[in-house]
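Written below as structure tokens is the structure these notes are about.
Residue numbers (UniProt numbering): 1 to 327.
Written out as structure tokens, the structure is:
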């Protein structure tokens, strides 16, 4: 009898998941953004110096009632000059001719998560300004996340950086969920008649629905008739399309795709597919020589979040951006 109870409880729990998702579609939205998991809890985001050198913290207001937190990390070469300087000085420094990288992180946690901080350190050492953004609802930023909202935050920061960079290159770097925020923003900028100087997509997916469907938990349900179409219809109801494949069909910006073969969250073949889509799209506009993909072998063990540990990352980025500066 005890066994029967356990089995019936497990069955009920199993069957209730699709029902709960159908009744409360926002659950899927919270799972996709995972913004309430504000790791690491011990870092005070107003004090970036606890985890990063020569970084200042500030807030922007992309729209009324929304405040987003940003860290500006200086290139190593600027460290001496920065001693004792204030926010205004940091802003001025954005116009020193060195490229500016806007880092758009993936879901879960804040701009202080270790692999994000490690990447910023590498980019700073390679001679770049880095602006790390916590979208609305993430970290200490106010508001609720939505696809349109995250895109708006990135657009606002891009415009803010562009007006201060005095013509030096501004690159959007999107990791995982941030890859879609980056391509969304790039499409919007292109629609407004200009183009993003450069795009770097790390562990980028084709469409968020395909990532959700390949998730281990979702696989437990995939053989249930109608479960997959339920997922897609919920994504539609909560206005989350997050489709890089569609965006890259229209983008003409220089593009670098980075993907590890052992990525356990966004399968490697998605990065390859995006590369092919971009090559095809940019062949038509004769800019396909500006599309590159670098893949990292499984033996390196970089998986989904540790491409920052790749030994040649700084060189790869430097080569990509230097070619653009020569154009």
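All C-beta atoms in this analysis are idealised placements derived from N, C-alpha and C, irrespective of residue type, glycine included.
For clarity, every value in this text was computed on a predicted model and none was experimentally measured.
TODO: With DSSP collapsed to three states, give me the class of residue 243.
DONE: Under the three-state reduction of DSSP, residue 243 is assigned to strand.
Task: Rounded separation between residue 208 and residue 37 - CA only - done: 19 Å
Task: Whole runs of the alpha helix (DSSP H) within the UniProt domain "AB hydrolase-1" (99-208), excluding any shorter than 4 residues - done: 114-125, 147-164, 177-191
- [ ] Report the three-state DSSP secondary structure of residue 26 (helix, strand or coil).
- [x] Of the three classes helix, strand and coil, the one that applies to residue 26 here is helix, per DSSP.
Open item on the list: Would residue 33 and residue 145 be called neighbours here (beta carbons separated by less than 9 Å)?
Closed with: yes
Open item on the list: Taking the straight line between their C-alpha atoms, what separation do you get for residue 140 and residue 283?
Closed with: Rounded to whole angstroms, the separation of the alpha carbons of residue 283 and residue 140 is 42 Å.
Open item on the list: Could you check whether the region 194-201 touches the region 242-258, counting it as contact only if at least three pairs of C-beta atoms, one from each stretch, sit closer than 8 Å?
Closed with: yes
- [ ] Under the assumption that residue 182 contacts residue 104 (Cβ atoms under 8 Å), give the Cβ distance between them as a whole number of angstroms.
- [x] Confirmed, Cβ separation roughly 5 Å.
- [ ] Would you mind sorting residue 71 into buried or exposed? The rule is 16 or more other CB atoms within 10 Å of its CB.
- [x] buried
TODO: Kindly indicate which three-state DSSP category residue 293 falls into: helix, strand or coil?
DONE: When DSSP states are grouped into helix, strand and coil, residue 293 belongs to the strand group.
- [ ] Within 10 angstroms of the Cβ of residue 219, are there 16 or more other Cβ atoms? Answer buried if so, exposed if not.
- [x] exposed
TODO: Please state if the CB of residue 169 and the CB of residue 99 are separated by a distance shorter than 9 Å.
DONE: yes
Open item on the list: Using a 10 Å radius around the Cβ and a threshold of 16 neighbouring Cβ atoms, would you call residue 224 buried or exposed?
Closed with: When all chains shown are included, residue 224 counts as exposed.
Open item on the list: Between the alpha carbons of residue 158 and residue 19, how many angstroms are there, rounded?
Closed with: 40 Å
Task: Chain-order list of residues whose beta-carbon lies under 7 Å from that of residue 303 (same chain, five-residue window excluded) - done: 260, 262, 263, 264
Task: Rounded separation between residue 55 and residue 73 - CA only - done: 4 Å
- [ ] Put residue 19 into one of helix, strand or coil per three-state DSSP.
- [x] helix
Open item on the list: For residue 196 and residue 16, I'd like the C-alpha separation in whole angstroms.
Closed with: 45 Å
Open item on the list: Assuming contact is defined by CB atoms lying nearer than 9 Å, are residue 274 and residue 248 in contact in what I supplied?
Closed with: yes
Task: Range covered by the beta strand (DSSP E) that runs through residue 67 - done: 66-73
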